[in-house]
Amino acid sequence: MDTQLPDFIIAQLYKDNLVITASDNTLAPASKLQVKDKEINTSKKTNSKEEKKWWLGNNAKNFSIIVEDAANVFIEENTLAFLTSILSACKFSLEDVAIINIAKTAINFEEIKKTLGSKYALFFGIEPQQISIAIQPDLYQDTLQDGCHLIFSAPLAMLMQQGVEAKTEKGKLWNCLKKSFNI
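To convert, note that position 45 of the sequence shown is 35 in my numbering; the numbers rise steadily by one, no gaps.
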């Protein structure tokens, strides 16, 4: 099946390479391409302080996961695999969440919530005062604050360990997540 893309799509796809010849046989850059009497500006507006993405994931479900890992940019590979298994059990993926490492990004929770629109926030090994949360919720309790469900948990490294204590903590986390996400 032959498919022909509209001119403006072609211009977007090849904005840096496409050159259209004007009627007087001079070259016109794609960023000033005209289609049906409308100018298409393909140049991106950039902020002079272009911000680097400080979270991992696409945050499709406005679900923030806050960790503290001084040794890694976001999270260690084995820890990420463990976290992914927790997310899968809750019917989430990395596409749905934003993982923020506060050891590498100095940020408070209000900024996280404002930037990412967090509806749920899961904190692994984080004390509320570390990210400027005034309340002191219990571990594994879904606490609603300003339209966002907050869940505080033991650190992921502790949950990954073998033994009775780790198994007990994982059970508490799982019970809380089941309630929070109606699983």
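Quick reminder that beta carbons are idealized off the backbone N, C-alpha and C, glycines included.
N-terminal and C-terminal residue of the alpha helix (DSSP H) that residue i is part of
i, result
"Asn52", "No alpha helix (DSSP H) contains Asn52, which DSSP labels as neither H nor E."
"Leu146", "Leu146 to Leu149"
"Thr158", "Val154 to Ser170"
"Asn68", "Glu67 to Ala79"
"Glu101", "Phe99 to Leu106"
Residue i in three-state terms, based on DSSP
i, result
"Ile90", "strand"
"Val57", "strand"
"Leu46", "strand"
"Ile121", "helix"
Beta-ladder partner(s) of residue i, from DSSP
i, result
"Cys138", "Gln135"
"Trp143", "A small correction: the amino acid at residue 143 is Ser; Trp does not occupy that position in the sequence shown. Its beta-bridge partners are Phe114."
Assumed close pair residue i, residue j - CB separation to whole angstroms, cut-off 8 Å
i, j, result
"Asp128", "Ile141", "Actually they do not touch by this definition, with Cβ atoms about 10 Å apart."
"Ala88", "Gly47", "5 Å"
"Asn98", "Ile121", "5 Å"
"Leu112", "Ile55", "5 Å"
"Phe171", "Ser143", "Not confirmed; about 14 Å, so no contact."
"Leu167", "Leu149", "Incorrect: roughly 12 Å between the Cβ atoms, too far for contact."
"Glu67", "Asp59", "Their Cβ separation, rounded to whole angstroms, is 11 Å, which puts Glu67 and Asp59 out of contact at 8 Å."
"Phe82", "Lys51", "7 Å"
"Tyr110", "Phe53", "5 Å"
"Leu84", "Thr69", "So it is not a contact: roughly 13 Å between Cβ atoms."
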